[in-house]
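**Q**
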Amino acid sequence: MNKNVGGIDRIARITVGIVLIALAATGTVGWWGWLGVVPLATGALGWCPPYAMFGWSTCKTKTP
0 MNKNVGGIDR IARITVGIVL IALAATGTVG WWGWLGVVPL ATGALGWCPP
50 YAMFGWSTCK TKTP
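Okay, here's the thing in structure tokens:
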């Protein structure tokens with residue numbers, strides 16, 4: 000499982016995930032706010048299954 004989620008993408012995913020979970024926990028949004036677990040997990044792990052399926056990566060490329 001190679002990392003395929005890079006810097007800014009990870010920060011954005013973690014932020015969106017935390018905000019959605021907080022809004023769901025406070026009752027501001029409905030149950031769908033708990034879907035924030037998905038971007039939070041993919042940001043924390045640095046790996047996104049759809050990125051892997053399509054061969055995408057937002058990680059910096061290593062220079063030889």
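Per numbering that gives the first Met the number 0, numbering of the sequence shown is gapless, rising by one per residue and ending at 63. Yeah, the Cβ is synthetic: ideal placement off N, Cα and C, and Gly gets one too. Keep in mind the model is a prediction, meaning the values are calculated, not measured.
1. What is the DSSP secondary structure of residue 35, counted as helix, strand or coil?
2. Around the Cβ of residue 29, are there at least 16 other Cβ atoms within 10 angstroms (buried) or fewer (exposed)?
3. Starting from residue 15, trace the alpha helix (DSSP H) in both directions and tell me its first and last residue.
4. Excluding the 5 residues flanking residue 45 on each side, which residues of the same chain have their C-beta closer than 7 Å to its C-beta?
5. Assuming residue 22 and residue 6 are in contact, meaning their beta carbons sit under 8 Å apart, how far apart are those beta carbons, in whole angstroms?
6. What is the DSSP secondary structure of residue 55, counted as helix, strand or coil?
**A** On the basis of the data shown:
1. Reduced to three states, the DSSP call for residue 35 is helix.
2. It counts as exposed.
3. In the DSSP assignment, residue 15 falls within the alpha helix (DSSP H) that extends over 6-24.
4. Here the set comprises 2, 4, 9.
5. Contact between residue 22 and residue 6 fails: their C-beta atoms lie close to 25 Å from each other, not under 8 Å.
6. Reduced to three states, the DSSP call for residue 55 is coil.
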